[in-house]
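As you go down the protein sequences, you meet chains A and B in turn. Per our numbering, the very first residue in the first sequence carries number 1450; after that it's consecutive. Per our numbering, the very first residue in the second sequence carries number 4; after that it's consecutive.
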Amino acid sequence: MISIQGKGVSNGVAMGPLYFYQRASSTISRTTVSDTAAEWDRFKAAQAKAIEQLGELADKAREEAGDEAALLFETHQMMAEDLDYEESIQGAINDEHLNAEAAVSDTAEQFAGMFASMDDPYMQARSADVKDVSSRIIGILTGAAQGGIDSPVPVILAADDLAPSETVQLDKSKILGFITEGGSGSSHTAILARTMGIPAIIGVGNHIKAEYAGREVIIDGSNGNVIVDADEATRRMLVAKMEEQKKAREMLERLKGLPNTTKDGISMKVFCNIGSPDDVLPVLQNDAGGIGLFRSEFLYLNCDDYPTEDYQFQAYKKVLADMEGREVVIRTLDIGADKQIGYFNLPVEENPAMGNRALRICLNRPEIFRTQLRALYRASAFGKLSIMFPMVTSVWEVREAKKMCERVKDELRSEGVSFSDDVRVGIMIETPAAAVISDRLAKEVDFFSCGTNDLTQYTLACDRQNADLGRFFNPHHTAVLRLLKMVCDNAHKNGIWVGICGELGADLSLTETFLSIGIDELSVSPRAVLPLRQKIRETNVAQVREKIIQALMSDEQPD
Amino acid sequence: MKTFEYTITDPVGIHARPAGILVKKVKEFASTVTIAKGEKSVNALKLMALMGLGIKQGDKITVTVEGDDEEKAAAEIEAFLKANL
């Protein structure tokens, strides 16, 4: 068994014969031409053809991997008709009497060299783009065939590095995973592999030897392992991992695109909780309907000082744009308690869970709040935004927060900055106080989302961080469930929706209860979306509702 | 001639994709648009030259617009930069 360590950039396990990518020959002939005008026409024709092909690739990529992947090829189109690039090729043909192939090749080297010498790794990686565009044009000029996979069975594909146009042209049914010698996590191979859901491992260097071709390899994208000729135990372990993954994928295939509707036609929204803009991909891959909780704290935790409005704006905008019009609920700053940040200079508290945290900090320090709200409203122009305030106990807090929103909107309006008129404002229900006065709170906001972790902690007077309280900390406690029912009833009386964004949302043993009491939305981690969808689709609420509600409200039900 | 300054806020700077969209935007106008960072300046229609400036977050760029539609072009390009970069 040979074990090689690379860097996993796309998750999953795959097993199959190793195959080295066959690249079309790139040797070109250098000749001197006398009819430079005709040579220039040859180039222009090849350039037009390349732009046409790139347009087709953009369409294909859009179908397979979305707009982001398509834009890449559109950028390539623009590189192919870049004025300086053209000018340099024209110069080589006219002044040096070079044939078009050599002129393109020289120009490609020159531009790739420019990018490679920049001090920014992102820009350095762009030299591959220039080379890719250029070899396409050269390929058209020489009539060379495109490289590909010549194997009757699907393979693990190894290459030095794959250009984006190469990855998209590959026959996907023949590829189980990628291994590249070089590359980076932001290379196009990595990005495309992730969007296509195929494992990819980069940076294996020269450890992957030509003599391994055709032998069985297993790659594990979660840890970057490449195993050639695995021993029995390793093989069994990885095959089990693969089976598990296959089951999850089958579930996805089976349930993707289906509504979260019960047998008797009751619909539940199933959304996701995320902590940073990078988490959007698994949300989309698991076919969630939106984002029910985007914790904005990471923006503050990642910084050494208060994050600026623009920095926040970019992060919110990215999530909203990536979600392509699906609802995104962003929770305003929720620090304090178990999440402390040095530069906030919060005094040490005896009992931080009941102290200066979340909305309380925002109302006490309006400048911090204002910056975040400005960033949020500016971002609202790029998608469907809902804003949610955490840790509410009184109506006046909500009114004060809403007043702040109005002030920010007035400011933006007077500055001529655009924002959406269609932004919903909601609150977390995570204190018993908020649950008990949810009838009043419901008149102030557009939605509720129940934070069951805190609601349990405060209702049961059980510190959620204290492991010794295990059997006392019971989120299934009747008190918690009755509060949830009460919140649902009050919300529906006032025509607003209720969600759950705590861990309880993914607890399948409670799904029937949530459906019965009328929860409208569950926001869970991406991997919990499809199991939840399955559970909802198997449930017939009419058959269980009465029994569940009766048990919940009965004076005989044990705690 | 219209000139304005803008400080890049996008964490990655003017990388390939936004540079591409910017060139597309500039193409909509008849005016000549020049983007300068420090001493170096380039024609904003030239994608690779623009990328070659290596403009990063926090960099201040100077945009110069000259031509028949310079008023409209300058306003729209400024709005574009604010929204995307």
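Think of the CB as a built atom: it goes at the ideal place given N, C-alpha and C, for glycine as much as any other residue.
Can you name the start and end residues of the alpha helix (DSSP H) that residue 1828/A belongs to?
-> Residue 1828/A sits at position 379 when you count from the first residue of the first sequence. That run of the alpha helix (DSSP H) goes 1815-1828.
DSSP state of residue 1854/A, grouped into three classes?
-> Within the first sequence, the letter at position 405 stands for residue 1854/A. Here residue 1854/A sits in helix by DSSP.
Quick one: is residue 1848/A buried, meaning 16 or more other Cβ sit within 10 Å of its Cβ, or exposed?
-> Counting from 1 along the first sequence, the entry for residue 1848/A is found at position 399. So residue 1848/A counts as exposed.
Own chain, CB closer than 7 Å to residue 1526/A, minus 5 neighbours either side, in chain order | Numbered from its first residue, the first sequence carries residue 1526/A at position 77. 1500, 1503, 1504, listed in sequence order.
Helix or strand or just coil, what does DSSP make of residue 1576/A?
-> Locating residue 1576/A in the first sequence gives position 127, counting from the first residue. Looking at residue 1576/A - three-state DSSP - the assignment turns out to be helix.
Under a three-way DSSP split, which group does residue 1655/A fall into?
-> Position 206 of the first sequence, counted from the start, is the residue given in the question as residue 1655/A. Residue 1655/A falls in the helix class under three-state DSSP.
Mind pulling the alpha helix (DSSP H) runs of 4 or more residues that sit fully within the region 24-60 of chain B?
-> 50-55
With 16 as the cutoff for other CB atoms within 10 Å, does residue 1547/A come out buried or exposed?
-> Along the first sequence, one-based indexing puts residue 1547/A at 98. The residue is buried, with at least 16 neighbouring Cβ atoms inside 10 Å.
Test item: CB-CB of residue 1452/A and residue 1676/A under 9 Å = Taking the first residue of the first sequence as position 1, residue 1452/A is located at position 3. Taking the first residue of the first sequence as position 1, residue 1676/A is located at position 227. Cβ distance < 9 Å, so residue 1452/A and residue 1676/A count as in contact.
Going by alpha carbons, who is nearest to residue 1552/A out of 1833/A, 1563/A, 1534/A?
-> Start at 1 with the first residue of the first sequence, and residue 1552/A comes out as number 103. Among 1833/A, 1563/A, 1534/A, the Cα nearest to that of residue 1552/A is on 1534/A.
Fully enclosed by the region 1842-1895 of chain A, which beta strand (DSSP E) runs are 3 residues long or longer?
-> 1873-1878
If you count every other CB in all the chains shown that lies within 10 Å of the CB of residue 18/B, and 16 or more means buried, which is it?
-> As a position in the second sequence, residue 18/B is number 15, starting the count at 1. Buried, since its Cβ has 16 or more Cβ neighbours within 10 Å.
Assigned secondary structure, residue 1785/A (DSSP; H/G/I helix, E/B strand, else coil) = Translated into positions along the first sequence, residue 1785/A becomes position 336. Here residue 1785/A sits in strand by DSSP.
Count the other CB atoms, across all protein chains shown, that sit within 10 Å of the CB of residue 2000/A; report buried if there are 16 or more and exposed otherwise.
-> The residue labelled residue 2000/A in the question sits at position 551 within the first sequence. Exposed, by the Cβ-count rule.
As assigned by DSSP and simplified to three states, the class of residue 1776/A | As a first step, residue 1776/A is located in the first sequence; it is residue number 327 there, counting from the start. Note: residue 1776/A maps to strand in three-state DSSP.
How is the beta strand (DSSP E) around residue 1527/A delimited, first residue to last?
-> Taking the first residue of the first sequence as position 1, residue 1527/A is located at position 78. Careful: residue 1527/A lies outside any beta strand (DSSP E), inside the alpha helix (DSSP H) at 1516-1529.
Does DSSP put residue 1971/A in a helix, a strand or coil?
-> As a position in the first sequence, residue 1971/A is number 522, starting the count at 1. Three-state result, residue 1971/A: strand.
Do residue 57/B and residue 1528/A have their C-beta atoms closer together than 9 Å?
-> Position 54 of the second sequence holds residue 57/B. Position 79 of the first sequence holds residue 1528/A. It is not a contact, given that the beta carbons lie outside the stated cut-off.
Under the three-state reduction of DSSP, which class applies to residue 1924/A: helix, strand or coil?
-> Position 475 of the first sequence, counting from 1, holds the residue named residue 1924/A. Three-state DSSP puts residue 1924/A in coil, outside helix and strand.
Whole-angstrom distance between residue 1668/A and residue 1465/A, CA atom to CA atom | In the first sequence, residue 1465/A corresponds to position 16, counting from 1. In the first sequence, residue 1668/A corresponds to position 219, counting from 1. Going by the C-alpha atoms only, they are around 9 Å apart.
As assigned by DSSP and simplified to three states, the class of residue 1806/A = Residue 1806/A sits at position 357 when you count from the first residue of the first sequence. Coil, per DSSP.
is_contact[residue 1729/A, chain B] using C-beta, thresh 9 Å | Residue numbering aside, residue 1729/A sits at position 280 when the first sequence is read from its first letter. Not closer than 9 Å to any Cβ of chain B, the Cβ of residue 1729/A fails to qualify, so no.
Interface residues of the region 1511-1540 of chain A facing chain B [CB-CB below 7 Å] = 1520, 1523, 1524, 1527, 1528, 1531, 1532, 1533, 1534
Status (buried if at least 16 other CB within 10 Å, exposed otherwise) for residue 21/B | Counting from 1 along the second sequence, the entry for residue 21/B is found at position 18. Looking at its Cβ environment, which holds 16 or more other Cβ atoms inside 10 Å, residue 21/B is buried.
For chain A, is any of its Cβ atoms less than 9 Å away from the one on residue 12/B?
-> Within the second sequence, the letter at position 9 stands for residue 12/B. So, interface residue.
Terminal residues of the beta strand (DSSP E) in which residue 5/B lies = In the second sequence, the residue the question calls residue 5/B occupies position 2. Segment 5-10, the beta strand (DSSP E) holding residue 5/B.
Sequence ranges, alpha helix (DSSP H) only - wholly within the region 1721-1773 of chain A, length at least 4 = 1729-1734, 1746-1750, 1758-1771
The beta strand (DSSP E) enclosing residue 1545/A, as first and last residue numbers | As a working mapping, residue 1545/A is identified with position 96 in the first sequence. Element bounds for residue 1545/A: not the beta strand (DSSP E) but the alpha helix (DSSP H), 1532-1545.
Along chain A, in chain order, which residues have C-beta atoms closer than 9 Å to that of residue 59/B?
-> Reading the second sequence from its first residue, position 56 is the one you call residue 59/B. Correct list: 1569.
Classify residue 1599/A as buried or exposed, calling it buried when 16 or more other Cβ atoms lie within 10 Å of its own Cβ.
-> By one-based count along the first sequence, residue 1599/A stands at place 150. Per the 10 Å Cβ criterion, exposed.
Residue nearest to residue 44/B in terms of C-alpha spacing, selected from 75/B, 66/B, 7/B | As a working mapping, residue 44/B is identified with position 41 in the second sequence. The option with the nearest alpha carbon to residue 44/B is 66/B.
Quick one: what's residue 1466/A bridged to in DSSP?
-> Numbered from 1 along the first sequence, position 17 holds the residue referred to as residue 1466/A. Residue 1466/A pairs with 1665/A.
Residue 1851/A versus residue 1844/A: straight-line alpha-carbon distance, rounded | Residue 1851/A sits at position 402 when you count from the first residue of the first sequence. Residue 1844/A sits at position 395 when you count from the first residue of the first sequence. Going from the Cα of residue 1851/A to the Cα of residue 1844/A covers about 11 Å.
Excluding five sequence neighbours on each side, which residues of the same chain lie with their C-beta closer than 7 Å to the C-beta of residue 1873/A?
-> The count along the first sequence starts at 1 and reaches residue 1873/A at position 424. So the qualifying residues of the chain are 1835, 1895, 1896.
Kindly indicate if chain B contains any beta-carbon less than 9 Å away from that of residue 1661/A.
-> The sequence position of residue 1661/A within the first sequence is 212, counting from 1. No, no contact with chain B.
Hey, quick one: how far does the alpha helix (DSSP H) through residue 1686/A stretch, first residue to last?
-> As a first step, residue 1686/A must be located in the first sequence, where it is residue number 237. That run of the alpha helix (DSSP H) goes 1681-1704.
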